[in-house]
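Below is one structure; the comments refer to it alone.
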Amino acid sequence: MKLFGYWRSSATYRVRIALALKGLDYDYHPVNLLKGEQREPAYLEKNPAGLVPALETDDGAIVVQSLAIMEFLEDAYPRPSILPENLAARGHARAIAATLACEAQPFMNLRMQTYLKKTLELDNGAMTAWLDQWPGGAMRAAEKMAAAYGGDYCIGNTPTIADCCLVPQMFAAKRFGIDTTDMPRLTDIYERCMKLPAFEKARPENQPDAAKGN
Ligand SMILES: N[C@@H](CCC(=O)N[C@@H](CS)C(=O)NCC(=O)O)C(=O)O
Numbered sequence: 053m054k055l056f057g058y059w060r061s062s063a064t065y066r067v068r069i070a071l072a073l074k075g076l077d078y079d080y081h082p083v084n085l086l087k088g089e090q091r092e093p094a095y096l097e098k099n100p101a102g103l104v105p106a107l108e109t110d111d112g113a114i115v116v117q118s119l120a121i122m123e124f125l126e127d128a129y130p131r132p133s134i135l136p137e138n139l140a141a142r143g144h145a146r147a148i149a150a151t152l153a154c155e156a157q158p159f160m161n162l163r164m165q166t167y168l169k170k171t172l173e174l175d176n177g178a179m180t181a182w183l184d185q186w187p188g189g190a191m192r193a194a195e196k197m198a199a200a201y202g203g204d205y206c207i208g209n210t211p212t213i214a215d216c217c218l219v220p221q222m223f224a225a226k227r228f229g230i231d232t233t234d235m236p237r238l239t240d241i242y243e244r245c246m247k248l249p250a251f252e253k254a255r256p257e258n259q260p261d262a263a264k265g266n
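First residue of the sequence shown: 53, per the numbering used here; consecutive thereafter.
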């Protein structure tokens, strides 16, 4: 398999965690977002949305959208699983994953940030308010969803697709200065995940394209 991504992309980070939890090998193909490589014709053939990640399977098929990629991995390589056994718990794991991937991260991605700063000319105060309102609001919803469950991770005692989304979202929140002090359950889960080898392997700083000092 080939993973097209960027070291600091939270959507790519989700997929790296899922691949590592499943113990799967892959070739990593960096797409430099700061240089605009996601909009070059060769990459747009893989993902017409101009976003990373994209996964090329061993058969040469391309799967895009991190949640779809993680579901593909789960279907293709079911063990170890990144979904709970219990059907309701599976639904809840997917719901937390979707809350973070669909309702928090899109408000922070590069093209959204560029539009807010350069086109709408929001100042730092307005940017902080935006981040607290939208990604922050979605994270506070995820905090309540995860708090409804016991266990070491978002849903129970095994990392799931929800944790694959949580860790990159916490990483991005720290980078953008979103206040997470009212998210004790998410903070606790994040810290526990970061002690696991799969999460360590997937860290942005440990990727070959990681920029030093950024
Ligand atoms: N819903 C997409 C989101 C992908 C996404 O937002 N990727 C960002 C990096 S985290 C990106 O490629 N941004 C490039 C840009 O904004 O130009 C997914 O989950 O894969």
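All C-beta atoms in this analysis are idealised placements derived from N, C-alpha and C, irrespective of residue type, glycine included.
Note that the structure is predicted; figures quoted are calculated from it, not measured.
Cβ-Cβ separation, residue j to residue i (assumed contact under 8 Å), whole Å
{"i": "P136", "j": "A145", "result": "6 Å"}
{"i": "M179", "j": "L162", "result": "Not quite, the Cβ-Cβ distance comes to about 14 Å (not below 8 Å), so this is no contact."}
{"i": "M235", "j": "M164", "result": "At roughly 22 Å, the Cβ-Cβ gap does not stay under 8 Å, so M235 and M164 are not in contact."}
Cβ neighbours of residue i in the same chain (closer than 7 Å, five flanking residues each side left out)
{"i": "A250", "result": "I69, A72 and L73"}
{"i": "L193", "result": "One point to set straight first is that residue 193 is Ala, not Leu, in the sequence displayed. The residues are T151."}
{"i": "G102", "result": "Q90, R91 and L96"}
{"i": "T239", "result": "T232"}
{"i": "Y242", "result": "L218, V219 and M222"}
8 Å Cβ shell around residue i - same chain, five flanking residues per side excluded
{"i": "I207", "result": "P136, A141, H144, A145, I148, A198, Y201 and A214"}
{"i": "K226", "result": "T232"}
{"i": "G229", "result": "T180 and L183"}
{"i": "D110", "result": "M53"}
{"i": "D79", "result": "M53, K54 and L55"}
{"i": "R320", "result": "Within the shown structure, residues of the chain are numbered from 53 to 266, placing residue 320 beyond reach of any answer."}
Beta-carbon contacts of residue i that lie in its chain and below 6 Å, excluding the five residues immediately before and after
{"i": "G57", "result": "T64, V104 and P105"}
{"i": "R244", "result": "D204"}
{"i": "W59", "result": "P256, Q259, D261 and A262"}
{"i": "L108", "result": "Here residue 108 turns out to be Glu, not Leu, going by the sequence shown. These residues qualify, in order along the chain: K54 and I114."}
{"i": "V67", "result": "P105, S118 and I121"}
Touch check for the segment 182–192 and the segment 121–135: three-plus C-beta pairs under 8 Å? Contact between the segment 182–192 and the segment 121–135 is not established, with fewer than three Cβ pairs separated by less than 8 Å.
Check whether the segment 147–164 and the segment 215–227 are in contact - that is, three or more C-beta pairs closer than 8 Å. Look at the beta carbons and you see the segment 147–164 touching the segment 215–227: at least three pairs across the two are nearer than 8 Å.
Three-pair Cβ contact test at 8 Å for the segment 251–259 versus the segment 96–107: No, they do not touch.
Report yes or no: do the segment 173–183 and the segment 208–218 share at least 3 C-beta pairs separated by less than 8 Å? Not touching, per the Cβ criterion.
List, from N- to C-terminal side, the alpha helix (DSSP H) runs of 4 residues or more that fit wholly inside the segment 123–186. As for any alpha helix (DSSP H) of minimum length 4 sitting wholly inside the segment 123–186, the runs are 139–155, 162–166 and 176–185, ordered along the chain.
Counting only runs that start and end within the segment 198–233, where is the alpha helix (DSSP H) found for 4 or more residues in a row? Within the segment 198–233, the complete alpha helix (DSSP H) runs of at least 4 residues are 213–228.
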